[in-house]
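Here's the structure we're looking at; comments come further down.
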Amino acid sequence: MFNIVQQLFSVGLKEIFYIEQKEDTRWEREEISKLLKELYEKTSNNALKENIIEYVGRTFNLIKDDGEHWHYTPPVIFEILRQHAKEDIENRASELKRIFVCHYMEFYKKFRRKLQFKGWEHMGGITSFWGNQYTVTDRHFVNYILKPALWNYYQKHKIKAWRFIANDC
């Protein structure tokens, strides 16, 4: 099943089925992502789960989306990563950190400077003010993966979670 999902992402549905395409491929990427999430949730095979996480890290842009909408990666992909992180944040945080750092390093290559990600992004974030409403948003990987996983861990083990955040995050 995992191989089929990978093939769907590589060729797109229009290569397999007749689809009149009026805009872009976001709808089909989101639908295929739902299959990937279902596969991740229903399998008890940890090696397959790790393969899915590795595939997601190689295939999707996990650092560029922020705010309320998505442009690069369907929200379902962040749900897979959130579930993965919540299952064992202590042992999986370094794996996720490695994936995100690789994405930042790749992104910074296009600026020709020798920028490196050292824990602080150079891209900035979004702030907005409308009426009396002030909003600060962060990247989707922070809002949809790290924040919920760390909050979940904190709810279960307050002291241990603070120690983990201070020493490992």
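Residue numbering for the sequence shown follows the working numbering, beginning at 1 and increasing consecutively. Quick reminder that beta carbons are idealized off the backbone N, C-alpha and C, glycines included.
Distance from residue 66 to residue 72 at the Cβ level is roughly 10 angstroms; contact not present, criterion being Cβ atoms closer than 8 angstroms.
Between residue 152 and residue 86 the beta-carbon gap is near 5 angstroms, inside 8 angstroms, which marks them as a contact. In the structure shown, residue 70 adopts coil according to DSSP, grouped into three states. At the C-beta level, residue 80 and residue 40 come within 8 angstroms of one another.
With respect to the 8 angstroms criterion, residue 5 and residue 48 are not classified as neighbours on the basis of their beta carbons.
Closest in C-alpha terms to residue 54, from the list 144, 92 and 74, comes 92.
With respect to residue 90, residue 164 sits close: the two C-beta atoms are nearer than 8 angstroms.
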